[in-house]
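Visitor: Okay, here's the structure, questions in a sec.
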Amino acid sequence: MAGTLSVHEFTVGSSTHVLVDAGELGGWDGARAAQNIRQFARADSALWGQLPFRRYVFLNLFRPGGGGLEHLNSTLLTSRFTADAPSGNLRWLNFVSHEYFHAFNVKRLRPVELGPFDYEKPPSTDALWIAEGLTSYYGELLVARAGLERPDDWLVSMSAHIATVQNAPGRLMQTLAQSSLDVWTTGTSGVGQDLAKTVSYYDKGPIVGFLLDAHIRRVTGGARSLDDVMRNAYAKYAGARGFTHDQFIAVAERVAGASLREFFRRAVFSTEELDYADALDWYGLRFAAPGDAKARWMLEVRPDATPTQQAHFRALVAATVPAL
Ligand SMILES: [Zn+2]
Numbered sequence: 082m083a084g085t086l087s088v089h090e091f092t093v094g095s096s097t098h099v100l101v102d103a104g105e106l107g108g109w110d111g112a113r114a115a116q117n118i119r120q121f122a123r124a125d126s127a128l129w130g131q132l133p134f135r136r137y138v139f140l141n142l143f144r145p146g147g148g149g150l151e152h153l154n155s156t157l158l159t160s161r162f163t164a165d166a167p168s169g170n171l172r173w174l175n176f177v178s179h180e181y182f183h184a185f186n187v188k189r190l191r192p193v194e195l196g197p198f199d200y201e202k203p204p205s206t207d208a209l210w211i212a213e214g215l216t217s218y219y220g221e222l223l224v225a226r227a228g229l230e231r232p233d234d235w236l237v238s239m240s241a242h243i244a245t246v247q248n249a250p251g252r253l254m255q256t257l258a259q260s261s262l263d264v265w266t267t268g269t270s271g272v273g274q275d276l277a278k279t280v281s282y283y284d285k286g287p288i289v290g291f292l293l294d295a296h297i298r299r300v301t302g303g304a305r306s307l308d309d310v311m312r313n314a315y316a317k318y319a320g321a322r323g324f325t326h327d328q329f330i331a332v333a334e335r336v337a338g339a340s341l342r343e344f345f346r347r348a349v350f351s352t353e354e355l356d357y358a359d360a361l362d363w364y365g366l367r368f369a370a371p372g373d374a375k376a377r378w379m380l381e382v383r384p385d386a387t388p389t390q391q392a393h394f395r396a397l398v399a400a401t402v403p404a405l
C-alpha cells in the first residue's frame, strides 16, 4: 500500500499488530480504532489460546466499495466509513473482527477443497457456512466478548441475520450446503444473491453457529461449547491438509459427546425451518414481538429469565478480557 499512510502499532501477547490507514477523511480516529481492534484481538487470543503469527497488519483503505480480503498475516479492508460513522462504529468493528478471525478460520483451519488452488478451476465446497458463516458468528461474538458492545447490541446483530433468513422464501428453496456449492453460479461470494430463491451462508451460517453452540452447551450441561469445537478442529486440521465436512461434524460430535446427525441434517442439508426453541430456552431469550411483521425476529432477554438462563447467556457474550 502506497501513499500518505497513518500507522498505529500495538501488541497482543507477543504479536505485533499494525493498523495502516490510507486515504482517511476528516473525523477518522485511527488511534481509537487501533485500541478497539486491540481489544477484540485480545478476545481472539483468549478464545484460541494463542496467536499464530508474530506480526499482523490491517491494511485499511478508505475508498468507495466495501469488503475485506483475508491473508495469512494481514487483511485488506475497504472501508467506506468516514466522518459520518466514527471509528467505534460497531458495524465496522464487526467487519474487521470477521476478517481477523479468518487468520484462524479459513487461512489456517479450512475446508479441504480450499487449497492448494488450481487457478483454472473454481473450487467447490459445501462447507462455506463454516468458513464464512462461523467467521461471522465469531467475528460479532468476539466484539461483544471484547467488551466493545453490550449483549443487547450483539442480539441486534444476530436478530438481523435471523430476520434476513426468515423473511425471505429462499430459505425454503436452497439448503445451506447448496448455497455454498452454488457460489460460482448464483452470486458473488454469497453476497447479493436473490433471496427469493437462495439463502446466504453469511446470514444462515451465523444463525446455525448460534443454534449449534446452544445445542452443544445444552447437551453437555454447559460444560462444552462451539469454542471447544473450533479449538479441537484447529488442533487437528489447521495447516496443510484441511478438513472434510464429515470430519468437522465428527469433531463437533466428539465435543458434544452425542450424535449431531439430526441437527446437521436439518440445519445444513435440508430446507426445513430452523428450530430456535432450544437456543431461546437455554439462554433465556425470546422474540420480542412475534405479532409484529417488522420486529417479529428481534431477540431480547426474557424479563422472567431464570438466574441459570442469565448465567448461560453471560457465558456466551460477557467480556472475556479486561477493559484496556
Ligand atoms: Zn469472510
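Be aware that the sequence shown starts at 82, since it is given in my numbering, and climbs by one per residue. In this text, a Cβ means the ideal position worked out from N, Cα and C, and glycines have one as well. In this text the structure is predicted, and so the values were computed from the model without any measurement.
#1: The alpha helix (DSSP H) with residue 344 in it runs from where to where?
#2: DSSP three-state call for residue 331: helix, strand or coil?
#3: Tell me whether residue 164 is buried or exposed, calling it buried when 16 or more other Cβ atoms sit within 10 Å of its Cβ.
#4: Are there any heavy atoms of ligand 1 lying less than 7 Å away from the beta-carbon of residue 216, as far as the coordinates show?
#5: So does residue 183 have its beta carbon nearer than 7 Å to some heavy atom of ligand 1?
#6: Return the CA-CA distance between residue 392 and residue 365, expressed in angstroms with no decimal places.
#7: Excluding five sequence neighbours on each side, which residues of the same chain lie with their C-beta closer than 6 Å to the C-beta of residue 224?
#8: Which residues bound the beta strand (DSSP E) around residue 141?
#9: Using only the heavy atoms of ligand 1, determine whether one of them is closer than 7 Å to the beta carbon of residue 221.
#10: Distance, Cα to Cα, residue 331 vs residue 279?
#11: Check whether the segment 148-156 touches the segment 195-213, taking contact to mean three or more Cβ pairs, one atom from each stretch, closer than 8 Å.
#12: Can you determine whether any heavy atom of ligand 1 sits closer than 7 Å to the C-beta of residue 213, and answer yes or no?
#13: Let me know the secondary structure DSSP gives residue 86 once reduced to three states.
#14: So is the beta-carbon of residue 242 under 7 Å away from any non-hydrogen atom of ligand 1?
#15: With a threshold of 7 Å (Cβ to nearest heavy atom), would residue 152 be considered close to ligand 1?
#16: Cβ-heavy atom distance between residue 326 and ligand 1 below 7 Å?
#17: List the residues that DSSP assigns as beta-bridge partners of residue 246.
#18: Express the C-alpha separation of residue 110 and residue 328 in angstroms, rounding to a whole number.
#19: Could you give the uninterrupted runs of the alpha helix (DSSP H) lying entirely in the segment 287-328, keeping only those of 4 residues or more?
#20: How about residue 381 and residue 369: do their beta carbons lie closer than 8 Å?
#21: By Cβ distance, which residues of its chain are closer than 7 Å to residue 93, with the 5 residues on each side in sequence left out?
#22: Can you give me the C-alpha to C-alpha distance between residue 85 and residue 104, rounded to a whole angstrom?
#23: Please report the distance separating the alpha-carbon of residue 239 from that of residue 299.
#24: Which partner residues does residue 154 have in the DSSP bridge list?
#25: If you count every other CB in all the chains shown that lies within 10 Å of the CB of residue 285, and 16 or more means buried, which is it?
#26: Return the chain-ordered list of same chain residues with a C-beta closer than 8 Å to the C-beta of residue 145, the five sequence neighbours on each side being excluded.
#27: Who are the near neighbours of residue 282 in its chain, counting only those whose CB is closer than 7 Å to its CB and skipping five residues on each side?
#28: Does residue 161 come out as helix, strand or coil in the three-state DSSP assignment?
#29: Confirm, please, whether the CB-CB distance from residue 101 to residue 138 is below 8 Å.
#30: Leaving out five residues on either side along the sequence, give the residues of the same chain with a beta carbon under 7 Å from the beta carbon of residue 204.
#31: Around the C-beta of residue 82, are 16 or more other C-beta atoms found within 10 angstroms, so that it is buried, or is it exposed?
#32: Return yes when the C-beta of residue 179 is under 7 Å from any heavy atom of ligand 1, and no when it is not.
#33: Rounded to a whole number of angstroms, what is the C-alpha to C-alpha distance between residue 339 and residue 313?
#34: Helix, strand or coil: which one does DSSP assign to residue 110?
#35: Would DSSP call residue 225 helix, strand or coil?
Guide: Taking the geometry as given:
#1: Counting from 1 along the sequence shown, the entry for residue 344 is found at position 263. For residue 344, the enclosing alpha helix (DSSP H) starts and ends at 342-348.
#2: In the sequence shown, the residue the question calls residue 331 occupies position 250. Here DSSP, grouped into helix, strand and coil, assigns residue 331 to helix.
#3: If you number the sequence shown from 1, residue 164 lands on position 83. Summary for residue 164: the model assigns pLDDT 49, below 50, so the residue's position carries little reliability; its value from the coordinates is reported in the next sentence. Exposed: under 16 other Cβ atoms inside 10 Å.
#4: Taking the first residue of the sequence shown as position 1, residue 216 is located at position 135. Answer for residue 216: yes, Cβ within range of ligand 1.
#5: The residue you call residue 183 lines up with position 102 of the sequence shown. Checking the 7 Å criterion, the Cβ of residue 183 is within range of a heavy atom belonging to ligand 1.
#6: Here residue 392 refers to the residue found at position 311 when the sequence shown is read from its first residue. Here residue 365 refers to the residue found at position 284 when the sequence shown is read from its first residue. A straight-line Cα-Cα distance of about 9 Å links residue 392 and residue 365.
#7: On the sequence shown, residue 224 is found 143 positions in, with the first residue counted as 1. Hits under 6 Å: 121, 174, 175, 178, 230.
#8: Taking the first residue of the sequence shown as 1, we reach residue 141 at position 60. Following the DSSP letters along the chain, one finds residue 141 inside the beta strand (DSSP E) bounded by residues 136-143.
#9: Along the sequence shown, read from residue 1 onward, the residue named residue 221 stands at position 140. At a cut-off of 7 Å, the beta-carbon of residue 221 does not count as near ligand 1: no heavy atom of the ligand is closer than that.
#10: The residue you call residue 331 lines up with position 250 of the sequence shown. The residue you call residue 279 lines up with position 198 of the sequence shown. Near 27 Å, if we compare the C-alpha coordinates of residue 279 and residue 331.
#11: At 8 Å Cβ cutoff, the stretches do not touch.
#12: The count along the sequence shown starts at 1 and reaches residue 213 at position 132. Ligand 1 approaches residue 213 closely enough that one of its heavy atoms is under 7 Å from the residue's Cβ.
#13: Position 5 of the sequence shown, counted from the first residue, corresponds to residue 86. Here residue 86 carries a strand assignment [DSSP, helix/strand/coil].
#14: Here residue 242 refers to the residue found at position 161 of the sequence shown. Residue 242: no, Cβ never under 7 Å from ligand 1.
#15: Here residue 152 corresponds to residue number 71 of the sequence shown, with the count starting at 1. Residue 152 has its CB no nearer than 7 Å to any heavy atom of ligand 1.
#16: By one-based count along the sequence shown, residue 326 stands at place 245. Answer for residue 326: no, Cβ out of range of ligand 1.
#17: For the purposes of this step, residue 246 is taken as residue 165 along the sequence shown, with counting starting at 1. Answer is none; residue 246 lacks a bridge partner.
#18: Translated into the one-based positions of the sequence shown, residue 328 becomes position 247. Translated into the one-based positions of the sequence shown, residue 110 becomes position 29. Roughly 44 Å between the two C-alpha positions.
#19: Entirely contained in the segment 287-328, the alpha helix (DSSP H) runs reaching 4 residues are, in chain order, 307-318.
#20: In the sequence shown, counting from the first residue as 1, residue 381 sits at position 300. In the sequence shown, counting from the first residue as 1, residue 369 sits at position 288. Yes, Cβ-Cβ distance for residue 381 and residue 369 is below 8 Å.
#21: Residue 93 sits at position 12 when you count from the first residue of the sequence shown. Around residue 93, the same chain offers 119, 122, 123, 126, 132 as residues with beta carbons nearer than 7 Å, after the five sequence neighbours per side are excluded.
#22: Walking along the sequence shown from the start, residue 85 turns up at place 4. Walking along the sequence shown from the start, residue 104 turns up at place 23. So the alpha carbons of these two residues sit roughly 7 Å apart.
#23: Working through the sequence shown from its first residue, we reach residue 239 at position 158. Working through the sequence shown from its first residue, we reach residue 299 at position 218. Distance between the alpha carbons of residue 239 and residue 299: 19 Å.
#24: Sequence index remark: in the sequence shown, residue 154 carries index 73 (1-based). Partner(s): none; residue 154 has no beta bridge.
#25: As a position in the sequence shown, residue 285 is number 204, starting the count at 1. In this structure residue 285 is buried. Its beta-carbon is surrounded by 16 or more other beta-carbon atoms within 10 angstroms.
#26: Along the sequence shown, read from residue 1 onward, the residue named residue 145 stands at position 64. 161.
#27: Along the sequence shown, one-based indexing puts residue 282 at 201. Its chain contains 209, 210, 213, 214, 257, 260, 261, 271 as the residues whose beta carbon lies nearer than 7 Å to that of residue 282, once the 5 sequence neighbours on both sides are disregarded; these appear in chain order.
#28: Sequence index remark: in the sequence shown, residue 161 carries index 80 (1-based). Coil, per DSSP.
#29: Along the sequence shown, read from residue 1 onward, the residue named residue 138 stands at position 57. Along the sequence shown, read from residue 1 onward, the residue named residue 101 stands at position 20. Yes, the pair counts as a contact, with Cβ atoms nearer than the cut-off.
#30: As a position in the sequence shown, residue 204 is number 123, starting the count at 1. Taken in chain order, the residues that qualify are 194, 195, 198.
#31: To locate residue 82, count along the sequence shown from 1; it is residue 1. By the 10 Å Cβ count, residue 82 comes out exposed.
#32: To locate residue 179, count along the sequence shown from 1; it is residue 98. Yes, since a heavy atom of ligand 1 falls inside the 7 Å radius drawn around the Cβ of residue 179.
#33: Taking the sequence shown and counting its residues from 1, one reaches residue 339 at position 258. Taking the sequence shown and counting its residues from 1, one reaches residue 313 at position 232. Taken atom to atom, the span from the alpha-carbon of residue 339 to that of residue 313 is near 16 Å.
#34: On the sequence shown, position 29 is the one that residue 110 refers to. Coil, per DSSP.
#35: Position 144 of the sequence shown, counting from 1, holds the residue named residue 225. Residue state for residue 225 is assigned as helix, using DSSP reduced to three classes.
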